[in-house]
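S.K.: For reference, the structure I am asking about is given below.
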Amino acid sequence: MRVLGNLLWLFLGGILLAILWAVAGLLCCCTLICIPVGIQCFKFASLVLWPFGRDIVFSNRTGSFLLNIIWILLFGWELALVAFVFGVIWCISIVGIPFGIQHLKFSRLALMPFGAEIVQMTNCS
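Using this note's numbering, the final residue of the sequence shown is 106, and nothing's skipped along the way.
See below:
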């Protein structure tokens, strides 16, 4: 089921979000100071490509808070806005709710990417 959801995700807006994260990563990697930010963007671009079966865990640290503020001013609000709009559009229909939830999850991630960690979800049988 995860594979089917991920394949549908690619065609229903996931590839656009992944491209936006990758472009933000490339722009950040143009300067030496922002290379760690660019690497974080590439990590999340891969998550956006294949989101079902993985989740995001947020932690609160002082350093990540400061980086998140700078991130929001540079790229975060644009990525969050695009993901939020896609999420609202997909949540209008009952069939699109799982995709809308994923987009809303990435909207939060776009606002606070530092201090976030990608984890694999396990099956609860």
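Positions of the beta carbon are idealized from the N, C-alpha and C atoms, including for glycine.
1) What do you reckon, are the CB atoms on residue -4 and residue 37 nearer than 8 angstroms?
2) Going by alpha carbons, who is nearest to residue 26 out of 13, 7, 14 and 12?
3) Contact defined as beta carbons within less than 8 angstroms: I believe residue 39 pairs with residue 96. What is the distance between those atoms, to the nearest angstrom?
4) Under the rule that 16 or more other beta-carbon atoms within 10 Å means buried, what is residue 106, buried or exposed?
5) Starting from the C-beta of residue 49, find all residues in its chain whose C-beta is less than 6 angstroms away, skip the five residues before and the five after it, and write them out in chain order.
6) Alpha carbon to alpha carbon, how far is residue 13 from residue 79?
M.R.: According to the data block:
1) One-based indexing of the sequence shown puts residue -4 at position 15. One-based indexing of the sequence shown puts residue 37 at position 56. Not in contact: residue -4 and residue 37 (Cβ atoms no closer than 8 angstroms).
2) Taking the first residue of the sequence shown as position 1, residue 26 is located at position 45. Minimum Cα distance to residue 26 is reached at 7.
3) Position 58 of the sequence shown holds residue 39. Position 115 of the sequence shown holds residue 96. Confirmed, about 6 angstroms.
4) For the purposes of this step, residue 106 is identified with residue 125 of the sequence shown, where counting begins at 1. Its pLDDT being 45, under 50, residue 106 is placed unreliably by the model, and the measurement read from it follows with that caveat. Residue 106 is exposed by the Cβ-count criterion.
5) Numbered from its first residue, the sequence shown carries residue 49 at position 68. 93 and 95, listed in sequence order.
6) Here the question's residue 13 lines up with position 32 in the sequence shown. Here the question's residue 79 lines up with position 98 in the sequence shown. If you take the alpha carbons of residue 13 and residue 79, they lie about 38 angstroms apart.
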